[in-house]
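Mind the numbering: the sequence shown is residues 16 to 307 in my numbering, read in order.
Here's the structure we're looking at; comments come further down.
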Amino acid sequence: MHRMIADAIAINRSHPEQIDVKASVDEIFGELKEKSVWGLISTLYSLNAREQGKSAWASKDNFLFDFAFDIKYTLPDARFVYLFRDGRDYACSMRKVGLSSLHVYSIAKQWQKEQHSCLQVYYSFKEKGWAHLLRYEDLLMDAKSTLQMLCEFLDEPFRAEMLNYHGSSSAKKLASQSAFWENLSKPVLKDNFAKFKKELSHGQIALFESVAGRELTLLGYPRATDARMREPILILRLWYALQNGVAKYLRLRTLNKKEPWRKPRTDIMKSILADLQSNTASTPLIRPIKYQ
16 MHRMIADAIA INRSHPEQID VKASVDEIFG ELKEKSVWGL ISTLYSLNAR
66 EQGKSAWASK DNFLFDFAFD IKYTLPDARF VYLFRDGRDY ACSMRKVGLS
116 SLHVYSIAKQ WQKEQHSCLQ VYYSFKEKGW AHLLRYEDLL MDAKSTLQML
166 CEFLDEPFRA EMLNYHGSSS AKKLASQSAF WENLSKPVLK DNFAKFKKEL
216 SHGQIALFES VAGRELTLLG YPRATDARMR EPILILRLWY ALQNGVAKYL
266 RLRTLNKKEP WRKPRTDIMK SILADLQSNT ASTPLIRPIK YQ
């Protein structure tokens, strides 16, 4: 467990907006209520919140939806906000700054998969009041009312300064660190939706809707084409994958030059992962079976 804590501290320190962890490995170990990954993450955030005089903390890390049930088990009081956006606009953004998926087809598949994961969590938690739907476009068009409903769900008082997040020094600092976060230093972009109508071709919109049209409809987004719901033929999927792979390589190479903190952080995480895989492979879970 001490090794895991040390690794977590190293990963945290490699991020431009690291949480301020002053405690030592032994001190963090002593604070753990549960000796698990989520127990450790909760402890790190809770220590940081305590040092800042806060009674709660929130995380918007990527892919938390894949671990929602583990999180709920570790943190019984946790609440979940399902923040979603028109997938076609998401595609526009990812084509500019994304890393994992850059081709419209690949982005559509990723967006569809992520909505399925989020919907599974939402349907499992909504009846007990643990999950809240938050549509990105509603936040843009009526930020105050949307935030008030969110605060009510979280049992937190609404404060007018929430709408002035972009003026904080931390927002400005983070916005300067990466293209992913540049909008943090700007006020709510009220017209930052339906961009796909101008930025994607009819064929690209149809391709996205042929993959994830059902999910768009379910989340309240009208389809813009009559594209049939079907998978492209194999040769096209291979061509899309090749285009996506080349674009990812070029994007990552560019980002590593523009954002020098990325490569050291990636190297740290690769080293930790290699150690984990090595230890896992050499440590059987059960006594090896013997064959005659």
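Glycine residues also receive a C-beta, built at the ideal position from the N, C-alpha and C atoms.
- In this structure, Trp196 sits away from Leu204, with a CB-CB distance that is not shorter than 8 Å.
- Ser116 sits close to Gln125, with the two beta carbons spaced by under 8 Å.
- Pairing Trp145 with Arg94 gives a Cβ-Cβ distance under 8 Å.
- With distances taken between CA atoms, Tyr60 lies nearest to Lys37 out of Lys213, Lys37, Ser29.
- Its Cα nearest to that of Ile86, the residue Glu49 stands out among Ser70, Glu49, Gly102, Gly113.
- Secondary structure within the stretch 137 to 187: the beta strand (DSSP E) runs of 3 or more consecutive residues, fully enclosed, are 146 to 150 (chain order).
- Between the stretch 255 to 270 and the stretch 155 to 162 there are fewer than three C-beta pairs closer than 8 Å, too few to call the two in contact.
- Beta-carbon to beta-carbon, Gly102 and Leu231 are separated by about 6 Å, close enough to satisfy the 8 Å threshold.
- One alpha carbon belongs to Arg100, the other to Tyr151, and they sit about 5 Å apart.
- Per DSSP, the beta bridge partners of Val96 are His147.
- The C-beta distance from Pro279 to Ser29 rounds to 6 Å, short enough to meet the 8 Å contact threshold.
- In the three-state DSSP reduction, Phe44 falls in the helix class (H, G or I).
- Annotation note: the stretch 53 to 94 contains the following uninterrupted alpha helix (DSSP H) runs of length 4 or greater, listed N- to C-terminal: 83 to 89.
- Judged by DSSP in its simplified three-state form, Lys210 adopts coil rather than helix or strand.
- Tyr137 places its beta carbon less than 8 Å from that of Leu148.
- Around the beta carbon of Ala23, 16 or more other beta carbons sit within 10 angstroms, so the residue counts as buried.
- Taking Lys272 as reference, the option from Ala221, Gln192, Tyr306, Arg243 with the minimal CA-CA separation is Gln192.
- Here the stretch 213 to 227 lies against the stretch 239 to 252, with 3 or more beta-carbon pairs under 8 Å apart.
- In this model, Trp254 and Leu155 are separated by some 36 Å (Cα to Cα).
- Residue burial annotation: His17 is exposed, with fewer than 16 other C-beta atoms found within 10 angstroms of its C-beta.
- Put simply, the backbone Cα of Glu66 is about 28 Å away from that of Thr281.
- Under the three-state reduction of DSSP output, Asp101 falls in the coil class, being neither helix nor strand.
- Note that the C-beta distance between Cys133 and Phe84 is not below 8 Å.
- For Leu288 and Ile43, the gap between their C-alpha atoms comes out near 22 Å.
- About 7 Å separates the beta carbons of Pro247 and Tyr120, which is inside the 8 Å limit, making them a contact pair.
- Setting aside the 5 residues that flank it on each side, Phe208 is surrounded in the same chain by Asp101, Asp104, Glu152, Leu155, each with a C-beta closer than 7 Å to its C-beta; the list follows chain order.
- Inclusion of Ala106 and Phe211 in the CB contact set at 8 Å is warranted, their separation being smaller than that value.
- Excluding its 5 nearest sequence neighbours in each direction, Ile34 has C-beta neighbours in its own chain below 8 Å: Asn27, Leu59, Tyr60, Asn63, listed in chain order.
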